[in-house]
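Trainee: Residue numbering for the sequence shown follows this note's numbering, beginning at 216 and increasing consecutively. By construction, the Cβ of each residue, glycine as well, lies at the ideal position given by its N, Cα and C atoms. The structure is given below, and queries will be raised subsequently.
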Amino acid sequence: MTTRRGVLAAASFALAAPALAQPRQIRLIVSFPPGGSTDILARLVAPVMERHLNATLVVENRGGANGAVGMGALAQSAPDGNTFGLDAGGAATNPHLMRGLGFDYATAFAPVTRMTILPALLVVRSEAPQRDFAQFVAHMRANPGRESYGSSGVGTGSHLASALLMRRAGLEATHVPFRGGADQLTALRRGDTLFTFSTIPTIAGGIRDGAIRPLAASTPDRASAYPDVPTVAESGIPGFGVYDFHALYAPAGTPAEHVERMAAAGVAAMRTEELRGRFNQLGLEPAAEGTAAFASFLTQQRDRMGALIREEGIRLEG
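Here it is in structure tokens:
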């Protein structure tokens, strides 16, 4: 009997051992739908992060309301180190644009690390006579209020970049919001609008086929994918810088050791040489910096975007 029990116990242990050896699962809520830059970034870095975490990252897309739906789900998650979120620039703008969210962006999350900067380029269609930024500004000053610019929606990065440019350069133009980047680009190519700011993944094909001409980059430094395109700042508007970014967050109250471990995995993934070429193709600038630096950046970004939104009187459409 003893021998039989011993055999059964050994067999039970053998069956249980594989389950015990499996790494734990970490839920990664991506606050945008599949196929976009946020989702693509998550799936690119997940295998590298898994090696550093000794865990499986389970990507869960929860898109809607410029990231607010996914971040709302993150806010309601247990702060046990098993759930994190990957969001884009809405974390800096949504608090100033949206009411009745059910959570407070400033207190519901623990910043983990920034992952990328997402440059936007100021572009015109190839038939436009403006060959560079100086000619663009000269044309706008000679035609105050007569031109229009497109955006992918009220309060989006493309809207805010254009609004800030108009303010800083003393220019006037009519804002025409569209439902997403595809319609925004179609209007530009048709000549319905003179210019727009757009992220590189949206406009790379148009630049490649010669339909769109880039004039300047919105970021403080030139975009790696287009090093010959000067920045707005170096083209005569010092200090200009408006751009989206991707970052990791945890529910508020998540133990610091879990936050720091996730931050270290994120930094390692963004510094992986094998991914650098893919990041460049997508127009993503690696900018992983760790928890403390990201928390400082996020506060500054929210303050800057909040001031711009108030000054421009920007409101989301109902």
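Please tell me whether M485 and L463 are closer than 8 Å, where the distance is taken between their beta carbons.
Mentor: Taking the sequence shown and counting its residues from 1, the one referred to as residue 485 is at position 270. Taking the sequence shown and counting its residues from 1, the one referred to as residue 463 is at position 248. The answer is no: Cβ separation not under 8 Å.
Trainee: List the whole-angstrom C-beta distance separating V274 from I241, where the pair is believed to meet the contact cut-off of C-beta under 8 Å.
Mentor: Residue 274 sits at position 59 when you count from the first residue of the sequence shown. Residue 241 sits at position 26 when you count from the first residue of the sequence shown. Between I241 and V274 the Cβ distance is about 10 Å, and since that is not below 8 Å, they are no contact.
Trainee: Determine the direct distance from the alpha carbon of E472 to that of Q399, and round the result to whole angstroms.
Mentor: Indexing the sequence shown from 1 puts residue 399 at position 184. Indexing the sequence shown from 1 puts residue 472 at position 257. Those two C-alpha atoms are separated by around 43 Å.
Trainee: Within 8 Å, do at least three Cβ pairs link the region 394 to 413 to the region 361 to 370?
Mentor: Cβ pair count under 8 Å is three or more, so yes.
Trainee: Count the other CB atoms, across all protein chains shown, that sit within 10 Å of the CB of L223; report buried if there are 16 or more and exposed otherwise.
Mentor: Counting from one through the sequence shown, the residue named residue 223 turns up at place 8. Its pLDDT being 49, under 50, L223 is placed unreliably in this model, and the value from its coordinates should be taken loosely. With fewer than 16 Cβ atoms within 10 Å of its Cβ, L223 is classed as exposed.
Trainee: Going by DSSP, name the residue or residues bridged to D295.
Mentor: For the purposes of this step, residue 295 is identified with residue 80 of the sequence shown, where counting begins at 1. Partner(s): none; D295 has no beta bridge.
Trainee: Are S246 and R277 touching if we call contact CB-CB under 8 Å?
Mentor: Taking the first residue of the sequence shown as position 1, residue 246 is located at position 31. Taking the first residue of the sequence shown as position 1, residue 277 is located at position 62. Result yes, Cβ atoms of S246 and R277 sit closer than 8 Å.
Trainee: Using the C-alpha atoms, what's the distance from R239 back to T389?
Mentor: Position 174 of the sequence shown, counted from the first residue, corresponds to residue 389. Position 24 of the sequence shown, counted from the first residue, corresponds to residue 239. Cα to Cα, T389 sits roughly 52 Å from R239.
Trainee: By how many angstroms is the C-alpha of R493 removed from the C-alpha of S341?
Mentor: Position 126 of the sequence shown holds residue 341. Position 278 of the sequence shown holds residue 493. Each residue's Cα considered, the two are about 27 Å apart.
Trainee: Count the other CB atoms within 10 Å of the CB of Q291; is the residue buried (16 or more) or exposed (fewer)?
Mentor: Position 76 of the sequence shown holds residue 291. Classification of Q291: exposed, given that the 10 Å Cβ count is below 16.
Trainee: Please report the straight-line C-alpha distance between G521 and V338, rounded to a whole angstrom.
Mentor: In the sequence shown, counting from the first residue as 1, residue 521 sits at position 306. In the sequence shown, counting from the first residue as 1, residue 338 sits at position 123. When rounded, the distance between both Cα atoms is 25 Å.
Trainee: If you check the beta carbons only, do L430 and F351 fall under 8 Å apart?
Mentor: In the sequence shown, residue 430 corresponds to position 215, counting from 1. In the sequence shown, residue 351 corresponds to position 136, counting from 1. In this structure, F351 lies closer than 8 Å to L430 by Cβ.
Trainee: Just to confirm my understanding: we take R258, look at its own chain, exclude 5 residues before and 5 after, and list those with CB closer than 7 Å. What are they?
Mentor: Along the sequence shown, one-based indexing puts residue 258 at 43. Only V274 meet the Cβ criterion.
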